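Residue numbers for the sequence shown follow my numbering, so the first one is 55 and each next one is one higher.
Beta carbons are placed, not taken as given, at the ideal position from N, Cα and C, and that holds for glycine.
Since the structure is predicted, the reported quantities are computational estimates derived from the model, not experimental observations.
Read the structure below first, then the notes.
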Amino acid sequence: MAAGLTLWLQRHAAVLCAPGLCYGRTDVAADAQATAVAAQALAEAAPPGVAVWRSPLGRCAQLADALAALRPDLGAARIDPRLAEMDFGAWEGLPWSAIARSDFEAWMADFADARPGGDGESTRRFMQRVAAAWADWRASARPAVWITHSGVIRAVELIAQGRREVRAASDWPAAPLAMGALRRIDA
C-alpha cells in the first residue's frame with residue numbers, strides 16, 4: 055500500500071431539483087453555471103498527472119467533462135460505479151418530508167444494516183463499496199481527484215481515519231461538503 059498519497063474529493067455542483075428532495079442514486083442534472091465555477095476551481099487546484107475518477111451519475115459527468123475541457127492534460131475520467139451516491143430505494147425522488155417518520159427512525163435505529171426505502175443500500179454495504187474504491191486508489195499509488203457525492207465524501211472521511219463501518223447514525227459525519235466544493239485528504 056502506498057504512503058503519502060493525496061486524494062482530492064470534489065462534490066458535484068448544485069443540482070436542478072426541488073430543495074429537500076431525496077435524490078441519492080436518482081440521476082438529476084447539475085446547474086451549468088455552478089458546474090463551470092466548480093470545474094474552474096478544480097482545474098486550478100489539480101496538479102499535473104493526477105488521475106481523475108468520477109461517479110457514473112450525470113451531475114458528476116457534467117463536472118468531469120467541464121474539467122476535461124479546461125485541463126485536457128489530465129485525460130479522460132475513469133468512471134467508477136463505486137463512487138455513486140448511496141441508493142435510498144423507494145425514497146428516491148421523494149421529498150424527505152414525505153418519508154414516514156417511523157420509516158426514517160427505523161433506519162436510524164439500525165443505521166449499519168437497515169435498507170433505506172426498504173430496498174435501498176445499507177450503510178454497511180455503502181461503506182464497503184467506497185472502501186473498495188479507496189483500496190484500489192491506494193494500490194494505484196497515484197494522486198487522484200474523485201468527482202463524487204456528499205455521501206461518498208463522508209464515507210471517505212471515515213475510511214481515511216481507519217474506520218470501515220458505522221454502527222450508529224451519530225457516528226456518521228454530520229457536516230456535508232458544500233456542492234461544488236473541494237476537499238483534500240492526505241492518506
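(request) Have a look at A67 and A235 and give me their C-alpha separation to the nearest angstrom. (result) Mapped onto the sequence shown, residue 67 falls at position 13. Mapped onto the sequence shown, residue 235 falls at position 181. Spanning the two alpha carbons is a distance of roughly 8 Å.
(request) For P102, count neighbouring C-beta atoms within 10 Å of its own C-beta (all shown protein chains included) and say buried if the count is 16 or more, exposed if not. (result) As a working note, residue 102 is residue 48 in the sequence shown. P102 is exposed by the Cβ-count criterion.
(request) List the DSSP bridge partners of V255. (result) Past the edges of the chain, shown from 55 to 241, lies residue 255, and the structure says nothing about it.
(message) Within 10 Å of its beta-carbon, does L70 have 16 or more other beta-carbons around it, so buried, or fewer, so exposed?
(response) Along the sequence shown, read from residue 1 onward, the residue named residue 70 stands at position 16. Counting Cβ neighbours within 10 Å, L70 comes out exposed, since fewer than 16 surround it.
(message) In the DSSP output, which residue or residues are listed as bridge partners for V69?
(response) Reading the sequence shown from its first residue, position 15 is the one you call residue 69. Per DSSP, A84.
(request) Mind reading off the beta-carbon distance from L244 to V210? Whole number of angstroms is fine, and I expect it under 8 Å. (result) Residue 244 lies beyond the stretch modelled for the chain, which goes from 55 to 241, so this question has no answer here.
(request) Verify whether the separation of the beta carbon atoms of G58 and W150 is less than 9 Å. (result) In the sequence shown, residue 58 corresponds to position 4, counting from 1. In the sequence shown, residue 150 corresponds to position 96, counting from 1. No.
(request) Starting from T60, follow its DSSP beta bridges and name the residues at the other end. (result) As a working note, residue 60 is residue 6 in the sequence shown. Looking at the DSSP assignment, T60 forms a beta bridge with D240.
(request) Please state whether DSSP places I207 in a helix, a strand or coil. (result) As a first step, residue 207 must be located in the sequence shown, where it is residue number 153. In this structure, I207 counts as helix in the three-state DSSP scheme.
(message) In the DSSP output, which residue or residues are listed as bridge partners for I133?
(response) Locating residue 133 in the sequence shown gives position 79, where the first residue counts as 1. DSSP, once it has assigned bridges, lists R108 as partnering I133.
(message) Using C-beta distances below 7 Å, list every residue in its chain close to T89, excluding the 5 sequence neighbours before and after it, in chain order.
(response) Walking along the sequence shown from the start, residue 89 turns up at place 35. Excluding residues within five positions, the ones whose Cβ falls inside 7 Å are A67, Q116, L117, A120.
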